[in-house]
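Numbering (our numbering), first residue to last: 1193 to 1583.
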């Protein structure tokens, strides 16, 4: 008797890449501050960071910085008397510019483009060195042999596309390639979606756009065979949202206006496909996700409602060493509220932490259908934890 492989849904956050050299949020934040040496205003990004960090009580990261830059560009544009309504968010009418140094439009746009380029360069550096991590490569090969994988990656890299060549991402087999959602939806192979983009994507040049302008638009991203080629063809500019705010037109989604950036190919279809995968697949694996994207959390919270006693959920996380375990989550101050909201619902329990007076390696729901591992991705593999919990 031939057993048909199940299909599972996988969501990968930054914590899935850190063990193989992927950057932490803090590392990216530090790099864009340190390396900003070519702006018209010296240390412009760092000055924005310092003001934000003071305002936000020490919690500012690179996504906050880009969001601030986009907001400042929006505000500056709205002050032009001849600017159209689409570029005039109403807040500007009721406020005044407080400090003119942060409204220098050329410096703002240079900062915006630099942040995106800097992040992409950082991703490329760890992407080209992943092969030395055999444990990582072998895990994905083994998992892809046991299941059909619907992978949703938030990390901007293309590593899994290389490790699992028998996969589809919706892009045609050409260089450069345009996106065709039918290739994704009709695929019987593994499917890999870079929910927030990848460094191999780029906005079309005028010649390419003109050839397909009746079918696609300038916001729809094409895919190249390498980061260097994609980078050469990328053209950074802005577009406006429904509210009149300006956002970066970019191959990677960065900042806090993520839902406004999901309306073009491939993002719109990847987001829809994630919804479909959550609905169809009763097994869910989450690795290294900080639960910082509210639009994703809103869907993850419904997993228990959709699959109930048929669900199988494995969450791989890492409890920082500086946090002292306490079965009272208020006293421990971990996890954050976003993560708790999802875990409570996935576990179908109001507080799965309170029964653990001593720090466990992992938590399991009372019905044994949801588990949370606390020792990091690499340890979860060495202990065969993921395969055991997805049985």
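Where a beta carbon is used, it is the ideal one built from N, C-alpha and C, also for glycine.
All of these numbers come straight from a predicted model, not from anything done at the bench.
Endpoints, beta strand (DSSP E) assigned at residue i
i, result
"residue 1565", "1562-1565"
"residue 1431", "1429-1432"
"residue 1439", "1438-1441"
"residue 1402", "That residue, residue 1402, is in no beta strand (DSSP E); its alpha helix (DSSP H) goes 1398-1403."
"residue 1386", "1382-1386"
C-alpha gap between residue i and residue j, whole angstroms
i, j, result
"residue 1565", "residue 1339", "21 angstroms"
"residue 1545", "residue 1364", "46 angstroms"
"residue 1466", "residue 1303", "32 angstroms"
"residue 1376", "residue 1292", "48 angstroms"
"residue 1503", "residue 1474", "5 angstroms"
"residue 1555", "residue 1284", "49 angstroms"
"residue 1252", "residue 1219", "12 angstroms"
"residue 1369", "residue 1411", "15 angstroms"
"residue 1464", "residue 1490", "14 angstroms"
"residue 1308", "residue 1328", "27 angstroms"
"residue 1296", "residue 1250", "25 angstroms"
"residue 1511", "residue 1567", "7 angstroms"
"residue 1280", "residue 1300", "17 angstroms"
"residue 1379", "residue 1401", "27 angstroms"
"residue 1324", "residue 1258", "33 angstroms"
"residue 1570", "residue 1576", "10 angstroms"
"residue 1355", "residue 1418", "16 angstroms"
"residue 1471", "residue 1499", "8 angstroms"
"residue 1331", "residue 1516", "31 angstroms"
"residue 1335", "residue 1342", "11 angstroms"
"residue 1326", "residue 1574", "12 angstroms"
"residue 1286", "residue 1271", "11 angstroms"
First and last residue of the uninterrupted alpha helix (DSSP H) at residue i
i, result
"residue 1338", "1326-1338"
"residue 1464", "1459-1472"
"residue 1303", "1297-1319"
"residue 1219", "1217-1226"
"residue 1554", "No alpha helix (DSSP H) contains residue 1554, which is instead part of the beta strand (DSSP E) from 1554-1556."
"residue 1570", "1569-1574"
"residue 1203", "Unbroken run through residue 1203 is the beta strand (DSSP E), 1199-1204; no alpha helix (DSSP H)."
"residue 1373", "1373-1377"
"residue 1355", "1351-1355"
"residue 1580", "1577-1581"
Assigned exposure category for residue i - 16 Cβ within 10 Å defines buried
i, result
"residue 1561", "buried"
"residue 1201", "buried"
"residue 1255", "buried"
"residue 1581", "buried"
"residue 1496", "buried"
"residue 1548", "exposed"
"residue 1553", "exposed"
"residue 1306", "buried"
"residue 1458", "buried"
"residue 1239", "buried"
"residue 1247", "exposed"
"residue 1194", "Because residue 1194 carries a pLDDT of 48, less than 50, the predicted location of this residue cannot be relied on, and the following value inherits that uncertainty. It is exposed - the Cβ of residue 1194 has fewer than 16 other Cβ atoms within 10 Å."
"residue 1366", "exposed"
"residue 1398", "exposed"
"residue 1435", "exposed"
"residue 1529", "exposed"
"residue 1226", "exposed"
"residue 1266", "buried"
"residue 1523", "exposed"
"residue 1395", "buried"
"residue 1476", "buried"
"residue 1314", "buried"
"residue 1242", "exposed"
Neighbourhood of residue i by C-beta, 8 angstroms cutoff - its chain only, sequence neighbours within 5 removed
i, result
"residue 1318", "1209, 1212, 1213, 1214, 1215 and 1349"
"residue 1501", "1559 and 1561"
"residue 1532", "1521"
"residue 1232", "1296, 1298, 1299 and 1302"
"residue 1196", "none"
Own chain residues within Cβ distance below 6 angstroms of residue i, not counting five before or after
i, result
"residue 1507", "1478 and 1564"
"residue 1578", "1506 and 1572"
"residue 1345", "1204 and 1386"
"residue 1449", "1439"
"residue 1390", "1348 and 1350"
"residue 1492", "1534"
Same chain only: Cβ atoms within 7 angstroms of residue i, ignoring 5 sequence neighbours per side
i, result
"residue 1353", "1359, 1361 and 1384"
"residue 1321", "1213"
"residue 1381", "1358, 1359 and 1360"
"residue 1452", "1433 and 1439"
"residue 1558", "1541"
"residue 1316", "1391 and 1419"
"residue 1487", "1450 and 1451"
heavy atom of the ligand SAH below 8 angstroms from residue i C-beta
i, result
"residue 1554", "For the structure depicted, the ligand SAH is absent and the ligand set is empty, with no information on it obtainable."
Open item on the list: Suppose only complete runs of 3+ residues qualify. What are the beta strand (DSSP E) ranges in the stretch 1475-1532, listed by chain order?
Closed with: 1475-1479 and 1504-1508
TODO: May I have a chain-ordered list of the alpha helix (DSSP H) segments no shorter than 4 residues that lie completely inside the stretch 1248-1284?
DONE: 1254-1270
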